[in-house]
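Asker:
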Amino acid sequence: MSEPGSMPPALPGASRTTLDDLLLASLSALAAAGEVEQACRLAGQACALHRSSDARAWNRFNSLLHRLSRQTE
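Encoded structure:
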């Protein structure tokens, strides 16, 4: 049995889902459920967290934020 909090071993050929992948999917689902402004606020917070530490993640959240912001008008 693995230790609490440890990740299970990856299956051969399986893609690795990151926490950012899950958060991006969750924010998209939140927006689709009619909570676009809340999804934008959370995406903006994620952008701020990643701004200086992870340019790729920052870009993914920034792109989502810009896509969602068009729906708030």
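Using my numbering, the letters of the sequence shown correspond one by one to residues 422 to 494.
Using N, Cα and C, we set each Cβ at its ideal position, and we do this for glycine too.
1) DSSP state of Ala465, grouped into three classes?
2) Per DSSP, what kind of secondary structure is Gln459 in: helix, strand or coil?
3) What residue does the alpha helix (DSSP H) around Leu437 start on, and which one ends it?
4) Are there three or more Cβ pairs, one per stretch, closer than 8 Å when the stretch 442-450 is compared with the stretch 470-477?
5) Which first and last residues belong to the alpha helix (DSSP H) in which Ala478 is found?
Answerer: This is what the structure holds:
1) Along the sequence shown, read from residue 1 onward, the residue named residue 465 stands at position 44. Going by the sequence as given, residue 465 is Gly instead of Ala. Gly465 falls in the helix class under three-state DSSP.
2) Along the sequence shown, read from residue 1 onward, the residue named residue 459 stands at position 38. Of the three classes helix, strand and coil, the one that applies to Gln459 here is helix, per DSSP.
3) Locating residue 437 in the sequence shown gives position 16, where the first residue counts as 1. According to the sequence displayed, residue 437 carries Arg and not Leu. In the DSSP annotation of this structure, Arg437 is not part of any alpha helix (DSSP H), being labelled neither H nor E.
4) No, the stretch 442-450 is not in contact with the stretch 470-477.
5) Position 57 of the sequence shown, counted from the first residue, corresponds to residue 478. Looking at the DSSP string, the run of the alpha helix (DSSP H) that includes Ala478 is 476-490.
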